[in-house]
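Notes follow the structure.
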Amino acid sequence: MDIQAKVCALVADFSRLSSEKALPYIAWLDLAESRLTPGALQRQKFVYHIAPVDRRETLDSARFALRLCRQIPFADCQNLRASADGRDLPPDAIHPLAEGGFVVDWPLSAVQAVLSVQFELAEARPIGRAEAFFPGRSARLALSGPVCGDDAAGQYVWEIALPFAASADVRLGEPAIWCLGAPRVEREADGCFTIRQRLFLDLPANHAAHLQRGKPQINQSIT
Numbered sequence: 521m522d523i524q525a526k527v528c529a530l531v532a533d534f535s536r537l538s539s540e541k542a543l544p545y546i547a548w549l550d551l552a553e554s555r556l557t558p559g560a561l562q563r564q565k566f567v568y569h570i571a572p573v574d575r576r577e578t579l580d581s582a583r584f585a586l587r588l589c590r591q592i593p594f595a596d597c598q599n600l601r602a603s604a605d606g607r608d609l610p611p612d613a614i615h616p617l618a619e620g621g622f623v624v625d626w627p628l629s630a631v632q633a634v635l636s637v638q639f640e641l642a643e644a645r646p647i648g649r650a651e652a653f654f655p656g657r658s659a660r661l662a663l664s665g666p667v668c669g670d671d672a673a674g675q676y677v678w679e680i681a682l683p684f685a686a687s688a689d690v691r692l693g694e695p696a697i698w699c700l701g702a703p704r705v706e707r708e709a710d711g712c713f714t715i716r717q718r719l720f721l722d723l724p725a726n727h728a729a730h731l732q733r734g735k736p737q738i739n740q741s742i743t
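Shown next as structure tokens:
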């Protein structure tokens with residue numbers, strides 16, 4: 521199975537939260553530097569970056585957390601290290617998170633830097649929902665990471681197609697999709713429930729282009 525092709529939540533954009541919770545930062549999983557499908561004698565590797573959206577804005581506290589499942593103990597995160605603009609932080613800047621995962625403290629003098637965090641796992645894990653957040657400052661946003669197989673009652677894959685009618689002179693840029701918050705569970709009285717997830721599509725196009733969105737289509741039969 522091509523595990524990398526199934527990675528979806530690559531970016532957690534804290535600047536797109538509601539105004540009272542928004543922070544001028546984004547976090548992302550670096551697919552080029554990560555090794556999600558290790559070969560023989562290789563460890564699974566995860567590399568994340570956290571960067572300010574606007575380097576003129578700063579935080580008054582600099583703590584970033586990545587929550588993993590409890591079955592991945594802190595000690596299993598081998599070669600765990602963090603850096604700010606390429607400069608390594610001391611090992612004591614990284615602490616275990618009580619609920620699973622870790623917290624990184626980086627100097628307030630470096631809050632305008634690009635923070636990088638990486639670690640390796642000797643036992644390769646499935647890729648699913650981890651949670652990125654700034655403790656005490658932000659909501660938790662989905663960000664792809666290692667998960668434990670028994671954490672999920674089921675795993676489902678859908679393909680969403682969003683058709684557009686466009687003028688002949690349209691020139692499209694590279695589209696991007698972000699999750700707006702975590703999935704919500706809406707329960708009903710009969711025990712049934714609905715999972716609802718809001719998505720944001722950023723579709724760059726030239727100013728003269730005229731786009732008309734069609735009805736979304738969902739394909740449930742993909743593998």
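To convert, note that position 212 of the sequence shown is 732 in the working numbering; the numbers rise steadily by one, no gaps.
All C-beta atoms in this analysis are idealised placements derived from N, C-alpha and C, irrespective of residue type, glycine included.
Quick one: residues in its chain with C-beta nearer than 6 Å to the C-beta of residue 642, no 5 flanking neighbours on either side, listed in chain order? 563
Cutoff 8 Å; reference residue 690; Cβ partners in own chain excluding five residues on either side: 725, 726, 729, 730 and 731
For residue 663 versus residue 652, is the C-beta distance shorter than 8 Å? yes
DSSP has residue 648 in a bridge; who is on the other side? 665
Taking all protein chains shown into account, do 16 or more other C-beta atoms lie within 10 angstroms of the C-beta of residue 624, making it buried, or fewer, making it exposed? buried
Shortest alpha-carbon distance to residue 582 belongs to which of 543, 698, 638 and 692? 543
Is residue 733 near residue 654, with beta carbons less than 8 Å apart? no
What's the gap between the Cα of residue 657 and the Cα of residue 714? 29 Å
Could you tell me whether any Cβ in chain B is nearer than 8 Å to the Cβ of residue 632? The structure shown has no chain B; it contains just one protein chain.
Under DSSP, the beta strand (DSSP E) around residue 685 begins and ends at which residues? 684 to 686
Cβ pair count under 8 Å reaching 3, the segment 604 to 620 against the segment 583 to 590: yes
From the DSSP output, in three-state form, read off residue 536 for me. helix
Check whether the Cβ atoms of residue 614 and residue 602 sit closer than 8 Å, and answer yes or no. yes
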